[in-house]
Amino acid sequence: MADFKSSVPKTGRVLTDEQTVQIADELAEATASRSTIPLVSPRFPGMTVEDSYAIQGLWRQRREDAGGRVVGFKIGLTSHAMQEATGIDEPDYGVIFADQLIRSGENVEHARWSNVRVEVELAFILKDRLEGTNVTAEDVLAATEVVVPALEILDSHIELSGRTIVDTIADNAALGAVVIGDREAAPREHDLAWIGATCAVNGEIIETGVSAGVLGHPAESAAWLANRFGRHGQAIEAGSLLLAGSFTRPVWVSPGDTVRAEYQHFGAVEVTFE
1 MADFKSSVPK TGRVLTDEQT VQIADELAEA TASRSTIPLV SPRFPGMTVE
51 DSYAIQGLWR QRREDAGGRV VGFKIGLTSH AMQEATGIDE PDYGVIFADQ
101 LIRSGENVEH ARWSNVRVEV ELAFILKDRL EGTNVTAEDV LAATEVVVPA
151 LEILDSHIEL SGRTIVDTIA DNAALGAVVI GDREAAPREH DLAWIGATCA
201 VNGEIIETGV SAGVLGHPAE SAAWLANRFG RHGQAIEAGS LLLAGSFTRP
251 VWVSPGDTVR AEYQHFGAVE VTFE
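First residue of the sequence shown? That's 1 in full-length UniProt numbering, and the numbers climb one at a time after it.
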């Protein structure tokens with residue numbers, strides 16, 4: 001394994017490396033046992049966003065060392081609906097691995113995840129690299145090969161009540177899996193700010209939304225991530241999948257539920273939880 005102390009910048013961090021490893025170990029155990037751990041933020045007062053990304057980075061490093069392949073990133077907490085639902089007021093991001101991708105229409109085990117909820121989103125698949133600190137939504141569209149509809153399956157390993165953004169980020173932004181729809185569109189084929197969608201559970205519509213709820217335009221979300229990476233001298237590589245953020249509130253699901261999101265222009269995405 002690469003040396004963790006040298007791989008994570010110290011800037012903006014207050015936790016020691018030992019504390020960072022401790023929290024990462026707790027989350028790894030919770031993931032394996034499909035359970036939750038107590039809130040991190042009250043146990044480590046003063047913990048920063050950069051501390052949380054360091055914890056997430058250690059988790060990512062361990063998965064990559066074990067053979068996992070990063071295929072993209074999720075951006076979360078980008079809509080007023082999601083910020084209201086979580087009591088958090090700025091975006092965050094998490095890492096998507098290849099084994100977290102699911103095709104629409106598949107059946108999945110509900111027991112794979114904890115606190116299982118589903119969100120309605122759009123995703124960008126890049127054909128060009130995004131880099132720098134002044135990336136715009138137009139830059140994102142120019143760098144995008146196709147846009148696809150997607151459902152995000154949320155998987156929380158830190159107790160939900162009282163969470164702050166540092167809890168959420170440490171938990172890989174609560175990403176469980178991504179269900180990818182079959183219908184693709186060129187980035188300028190439709191007005192991506194005004195894609196309406198419904199989310200139904202077992203045929204009953206539970207949530208509706210429009211993609212403008214994601215920072216005014218989903219490409220703004222991807223631009224936010226590129227600029228954040230740019231401030232750390234990093235880039236988002238061509239071929240990456242960027243899950244732009246939910247424009248509905250999270251929908252709780254139980255074993256036996258079928259979730260179906262229907263989108264304007266983008267068809268439907270469906271998954272059944274066994």
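For each residue, glycine too, the CB sits at the ideal point set by N, CA and C.
Could you spell out the range, first to last residue, of the beta strand (DSSP E) harbouring Val146? Run containing Val146: Thr144 to Leu154, per the beta strand (DSSP E) assignment.
Please list, in chain order, all residues of the same chain as Ala137 whose beta carbon is under 6 Å from its beta carbon, the five residues on each side excluded. Around Ala137, the same chain offers His217, Ala219, Glu220 and Ala223 as residues with beta carbons nearer than 6 Å, after the five sequence neighbours per side are excluded.
Out of curiosity, what's the CA-to-CA distance linking Thr133 and Gly233? Each residue's alpha carbon lies about 9 Å from the other.
Skipping 5 residues on each side, what residues in its chain have a beta carbon closer than 6 Å to that of Gly196? Same-chain partners within the cutoff: Val210 and Gln264.
DSSP state of Ala200 mapped onto helix, strand, coil: Residue state, collapsed to three classes: strand.
Determine the direct distance from the alpha carbon of Ala226 to that of Leu77, and round the result to whole angstroms. Distance between the alpha carbons of Leu77 and Ala226 is about 16 Å.
Would you decide whether Thr11 is buried or exposed? Buried here means 16 or more other CB atoms lie within 10 Å of its CB. In this prediction, Thr11 has a pLDDT of 48, which is less than 50 and means its spatial position is unreliable; nothing more can be read from the coordinates.
Count the other CB atoms, across all protein chains shown, that sit within 10 Å of the CB of Thr16; report buried if there are 16 or more and exposed otherwise. So Thr16 ends up on the exposed side.
Ala123 to Leu243 span [Cα, whole Å]: If you take the alpha carbons of Ala123 and Leu243, they lie about 4 Å apart.
Does DSSP put Arg75 in a helix, a strand or coil? Contrary to the premise, residue 75 reads as Ile rather than Arg in this sequence. Three-state result, Ile75: strand.
By DSSP's criteria, Glu119 is part of a beta bridge. Which residues make up the other side? Bridge pairing for Glu119: Glu152 [DSSP].
If you compare alpha carbons, which of Ile205, Ile37, Val14 and Ala24 is closest to Gly162? Of the listed residues, the one whose Cα sits closest to Gly162 is Ile37.
DSSP state of Glu262 mapped onto helix, strand, coil: Here Glu262 sits in strand by DSSP.
Residue span of the alpha helix (DSSP H) that contains Gly105, given as start and end: Annotation for Gly105: no alpha helix (DSSP H) segment contains it, and DSSP assigns it neither H nor E.
Contact the stretch 183-193 vs the stretch 137-153: 3+ CB pairs below 8 Å: The stretch 183-193 vs the stretch 137-153: in contact.
If you pair each beta-carbon of the stretch 100-108 with each one of the stretch 47-54, do three or more pairs fall below 8 Å? Because the criterion of three Cβ pairs below 8 Å is not met, the stretch 100-108 and the stretch 47-54 do not touch.
Using the C-alpha atoms, what's the distance from Leu151 back to Arg249? Rounded to the nearest angstrom, the two C-alpha atoms are 12 Å apart.
Could you check the C-alpha separation between Pro42 and Gln22 for me, to the nearest Å? Rounded to whole angstroms, Pro42 to Gln22 spans 15 Å at the Cα level.
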